[in-house]
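What follows is a single structure, written as structure tokens, with notes after it.
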Amino acid sequence: MGSLNVAVIIKLEPDFSEGNVSYNSDGTLNRAETKSILGPHSAIASKAAFYSKVKYGARVSVGTMGPPIADFALQQAQLICDADELHLYSDRIFAGADTLATAEVLKTGMSKMEVDKIDIVFSGYRASDGETGQTGPQTAWKLGYTFLGNVIDYDVDLERQIVTAKRLITLQGFYDIIEEVEAPLPVFITVDPSYKPVFRTVLQRLAFVKYQKEAKERAQNYKKYLKVFNAQQLGVDPKFVGLPGSPTIVYKVEKIPKAKASRKAEIVDGSDPGQLRKVVARMSEVLGGMMIK
Amino acid sequence: MTTTTSEGNYRHLYVIIEHEEGKPIPVSLEMLGEARRLMNDFNKKYSSNEKVIAVVLGDNVRKLCEELLLYGADAVIYAESPELRYTRNLIDTKIISQIALDKECVAKISPDYAEQFKKPRYMFFAADNIGRHLSSTVLAELESGLASDINKLVIEDLEIKHEHKTKGQSMNYEKILEMYRPDFSGFLWTTILCLDNRNPAIEREYHPQACSIIPGVFQPLTRDATKKGIIVDYVPKLEEQDLNVKILSRKVIKSAVDFDTRKAIISFGRGIKDSPEENIKLIEGLAKQLDAEIGISLPISKKPYAIDETIISTYMITDRVIGTSGRRVMPLLYVAVGISGAMQHIAGMKESEFVIAINPDENSPIKDECDIFIKGRMEDVIPILIEELRKQKNLVMEVRK
Chain A
1 MGSLNVAVII
11 KLEPDFSEGN
21 VSYNSDGTLN
31 RAETKSILGP
41 HSAIASKAAF
51 YSKVKYGARV
61 SVGTMGPPIA
71 DFALQQAQLI
81 CDADELHLYS
91 DRIFAGADTL
101 ATAEVLKTGM
111 SKMEVDKIDI
121 VFSGYRASDG
131 ETGQTGPQTA
141 WKLGYTFLGN
151 VIDYDVDLER
161 QIVTAKRLIT
171 LQGFYDIIEE
181 VEAPLPVFIT
191 VDPSYKPVFR
201 TVLQRLAFVK
211 YQKEAKERAQ
221 NYKKYLKVFN
231 AQQLGVDPKF
241 VGLPGSPTIV
251 YKVEKIPKAK
261 ASRKAEIVDG
271 SDPGQLRKVV
281 ARMSEVLGGM
291 MIK
Chain B
294 MTTTTSEGNY
304 RHLYVIIEHE
314 EGKPIPVSLE
324 MLGEARRLMN
334 DFNKKYSSNE
344 KVIAVVLGDN
354 VRKLCEELLL
364 YGADAVIYAE
374 SPELRYTRNL
384 IDTKIISQIA
394 LDKECVAKIS
404 PDYAEQFKKP
414 RYMFFAADNI
424 GRHLSSTVLA
434 ELESGLASDI
444 NKLVIEDLEI
454 KHEHKTKGQS
464 MNYEKILEMY
474 RPDFSGFLWT
484 TILCLDNRNP
494 AIEREYHPQA
504 CSIIPGVFQP
514 LTRDATKKGI
524 IVDYVPKLEE
534 QDLNVKILSR
544 KVIKSAVDFD
554 TRKAIISFGR
564 GIKDSPEENI
574 KLIEGLAKQL
584 DAEIGISLPI
594 SKKPYAIDET
604 IISTYMITDR
614 VIGTSGRRVM
624 PLLYVAVGIS
634 GAMQHIAGMK
644 ESEFVIAINP
654 DENSPIKDEC
664 DIFIKGRMED
674 VIPILIEELR
684 KQKNLVMEVR
694 K
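Each protein sequence line maps, in turn, to chains A and B. If you read the first sequence in the working numbering, its first letter stands for residue 1, the second for the next number, and so on. If you read the second sequence in the working numbering, its first letter stands for residue 294, the second for the next number, and so on.
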């Protein structure tokens with residue numbers, strides 16, 4: 001039986017939690033006032049990696065591309081997945097990268113991890129700010145790893161070096177499908193937001209507690225596990241990263257013009273029970289004589 | 294300054310079709326409709342004859358290919374095999390990339406343009422669970438740019454001055470696809486362009502210009518049974534390891550969230566923020582009275598409140614999001630509670646029969662999208678609504694007795 005090496009790709013993102021997020025008066029995000037944290041989908045990807053640690057004793061590496069302060073996200077991820085190694089790819093020339101140029105950095109970073117080979121890479125299904133969901137699959141393709149998206153559950157057969165995974169697929173106008181697939185390692189998995197690891201055996205639960213404790217200790221001293229790479233240390237070609245390596249540019253950002261009013265609302269005073277009674281009557285009417293069973 | 298050396302290397306608009314057992318997913322026809330409109334204008338404007346080419350992978354898809362010609366495709370390139378019955382990222386990416394670079398296919402469709410052909414000019418994918426990933430890997434393979442979740446497209450010549458792309462000089466780019474994507478807030482539109490690097494230090498060509506398109510945004514064309522076109526059978530070149538992902542089973546499931554059969558839907562947004570837990574309980578109460586399903590706006594799916602875990606995992610989930618990045622619903626009654634009415638959200642609920650909004654701010658955009666606007670705080674309004682609904686029910690029960 002072989003050992004398992006997994007990696008997680010994460011992202012520092014605006015913190016959308018109430019009290020930390022700040023919106024401008026026009027409804028757009030106030031980036032200057034909003035704090036940054038480990039993105040929620042990155043956190044889920046970290047959980048999926050932790051599952052490998054608990055179940056298979058996997059070695060876990062975490063990598064991110066971002067500004068120096070992104071080490072905070074790495075620390076938060078380590079707290080979740082008890083990472084053995086943290087990588088930050090940080091260089092001014094990476095700024096402004098689109099997904100393809102980001103994938104180039106992440107692919108190169110994976111090769112610097114201190115293992116012979118990464119068997120599984122996890123990433124969130126999309127970032128909460130950019131929301132493209134492209135970086136994961138593009139990194140997978142550049143790595144030459146089989147890509148499995150929308151994964152809600154997975155298991156590894158270490159002997160056969162095979163992953164089985166359940167994927168959730170929504171087909172517009174049809175139905176949802178849970179597809180079970182099997183693929184040889186190495187694979188790249190993006191984790192569906194609904195992913196919830198289940199630890200079934202006593203041994204797993206014991207391992208869970210042990211590694212969770214370890215994670216806490218490690219995250220307190222996360223700098224011990226952290227390596228920072230600039231472009232030169234990574235050995236990336238400046239032509240393929242940052243703005244020069246990005247096929248796409250943001251040409252303009254504008255407010256979406258307000259659509260023409262599609263309905264003419266009757267305005268009702270919410271503090272007037274009499275008026276609200278009438279609203280309730282309308283509701284019943286609309287619902288066709290009401291929903292009494 | 295204009296660079297025209299590469300003109301002719303890039304032709305046509307390729308639309309990657311998604312289907313389930315030969316039946317097109319709606320967004321496939323929507324993309325064809327928009328592709329047709331764009332290329333009609335394009336060919337007129339540039340006096341050219343570039344095509345809308347649908348690309349289909351599957352098993353027994355010949356009928357589907359014929360059908361696509363009636364919905365706006367000039368031509369269809371398809372690859373057929375039992376191995377392609379269900380989509381798999383690795384093999385699909387390889388075949389689509391091969392098709393995109395295949396001169397012979399183009400020669401059969403448009404011989405005039407075949408000689409110089411290198412790559413598609415434009416490419417469309419669906420922004421769904423399959424297309425989002427497929428577009429990413431195909432464009433990684435083709436090494437070009439991709440914009441995701443687009444809901445408006447324009448083709449234009451643009452004067453570009455960019456630090457990297459043009460080394461700060463002003464240059465004319467022809468036939469550029471302007472790809473508009475709404476941001477997560479639904480209030481901003483970002484236009485993404487995919488441009489060749491013309492800066493001598495980093496010169497590089499980036500084609501196709503590609504995007505994934507939000508389902509439900511564009512109108513499909515009306516089926517035109519008189520339309521004719523070319524269908525090209527492509528035989529993919531595959532290696533054994535391309536087939537090593539195996540689909541073991543495939544189960545159709547019903548989402549726990551039922552937006553389709555319920556007559557009423559109540560959605561809530563960030564307006565619950567003063568006391569999220571109590572407010573969600575109020576909304577549950579109202580939903581119970583109306584036998585309604587509960588939906589949310591996109592920001593809520595980011596789990597912005599530190600409240601009871603069960604409430605979070607029940608309600609603050611992507612499955613419940615209504616809008617362009619979630620479900621599109623059309624109940625008889627839609628109640629929007631504490632939702633400001635970003636375009637994102639409106640797109641998902643505007644076809645509801647009757648809309649009631651509860652919001653303290655009369656200036657919020659939802660006012661223009663509802664039939665009754667209850668001006669007030671949900672904390673005050675909902676208890677009264679619940680009470681009135683109860684009374685009414687009791688009344689009916691009394692009468693029945």
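Heads up, the beta-carbon is just placed ideally off N, CA and C, and yes, glycines get one too.
Beta-ladder partner(s) of residue i, from DSSP
i      : result
S452/B : It should be noted that the sequence gives Glu, not Ser, for residue 452/B. E452/B pairs with N465/B.
W141/A : Answer is none; W141/A lacks a bridge partner.
C504/B : F417/B, A440/B
C487/B : T248/A
S305/A : Not covered by the structure: residue 305/A. The range shown for chain A is 1 to 293.
D526/B : Y371/B
N30/A  : DSSP, once it has assigned bridges, lists no residue as partnering N30/A.
Y195/A : According to DSSP, which records beta bridges pairwise, Y195/A is partnered with nothing at all.
V163/A : V156/A, A183/A
Cut-off 7 Å between Cβ atoms - residues of its own chain near residue i, not counting five sequence neighbours on either side
i      : result
L363/B : R516, D517, A518, K520
P193/A : H41, I44, Y125
N24/A  : N30
is_contact[residue i, chain B] using C-beta, thresh 8 Å
i      : result
V279/A : yes
S111/A : no
I292/A : Note that I292/A scores 45 on pLDDT, short of 50, meaning its location in the model is unreliable and no value can be drawn from it.
P244/A : yes
L106/A : no
K239/A : yes
Y251/A : yes
A103/A : yes
S17/A  : yes
G270/A : yes
E33/A  : no
T201/A : no
P137/A : yes
V121/A : no
Contacting residues, own chain, Cβ-Cβ under 8 Å from residue i (five flanking each side not counted)
i      : result
R381/B : V538, I540
G96/A  : G242, L243, S246
D405/B : N342
S240/A : The amino acid occupying residue 240/A in the given sequence is Phe; Ser does not appear at that position. Closer than 8 Å at Cβ, skipping near neighbours: A101, E104.
CB contact below 8 Å: residue i versus chain A
i      : result
G438/B : yes
L678/B : yes
H457/B : yes
C358/B : no
C487/B : yes
C398/B : no
F410/B : no
N422/B : yes
I448/B : no
V510/B : no
V320/B : yes
Q462/B : no
R414/B : no
E662/B : yes
Proximal residues to residue i (C-beta, below 6 Å), its chain only, five neighbours per side dropped
i      : result
F710/B : Given a span of 294 to 694 for chain B in the structure shown, any question on residue 710/B remains unanswerable.
L361/B : A347, V369
K454/B : S463
F511/B : E323, G326, E327
L306/B : A328, M332, V345, Y415
G544/B : For the record, residue 544/B in the displayed sequence is Lys; it is not Gly. Cβ neighbours of K544/B beyond the five flanking positions: none.
G631/B : F561, G562, G564, I565, M671
S505/B : F418, A420, G424, R425, S428, S441
Could you run through the region 143-160 of chain A and flag, in chain order, every residue whose CB is less than 7 Å away from some CB of chain B?
T146, F147, G149, N150
What alpha helix (DSSP H) runs, 4 residues minimum, are completely inside the region 83-131 of chain A?
99-110
Within 8 Å of chain A by C-beta, residues of the region 595-620 of chain B in sequence order:
K595, K596, P597, Y598, A599, I610, T611, D612, S618
Would you list, in chain order, the members of the region 472-483 of chain B that have their beta-carbon closer than 8 Å to a beta-carbon of chain A?
P475, D476, F477, S478, G479, F480, L481, W482, T483
Enumerate, from N- to C-terminal direction, the unbroken alpha helix (DSSP H) stretches of 4 or more residues contained entirely within the region 354-436 of chain B.
355-362, 382-393, 396-402, 404-407, 424-435
Using a Cβ-Cβ cut-off of less than 7 Å, list which residues of the region 528-551 of chain B approach chain A; keep chain order.
N537, V538, K539, I540, L541, S542, R543, K544, V545, I546, S548
Start-end ranges of the beta strand (DSSP E) lying completely within the region 548-572 of chain B, minimum 3 residues:
557-561
Scan the region 179-244 of chain A and note each continuous alpha helix (DSSP H) run of 4 residues or more that stays entirely inside, going in chain order.
202-220, 231-234
4-residue-minimum alpha helix (DSSP H) runs that sit fully inside the region 311-338 of chain B, ordered along the chain:
Segments of the alpha helix (DSSP H) lying fully in the region 311-338 of chain B: 319-338.
What are the start and end residues of each continuous alpha helix (DSSP H) run of 4 or more residues lying completely inside the region 594-671 of chain B, in chain order?
602-608, 636-642
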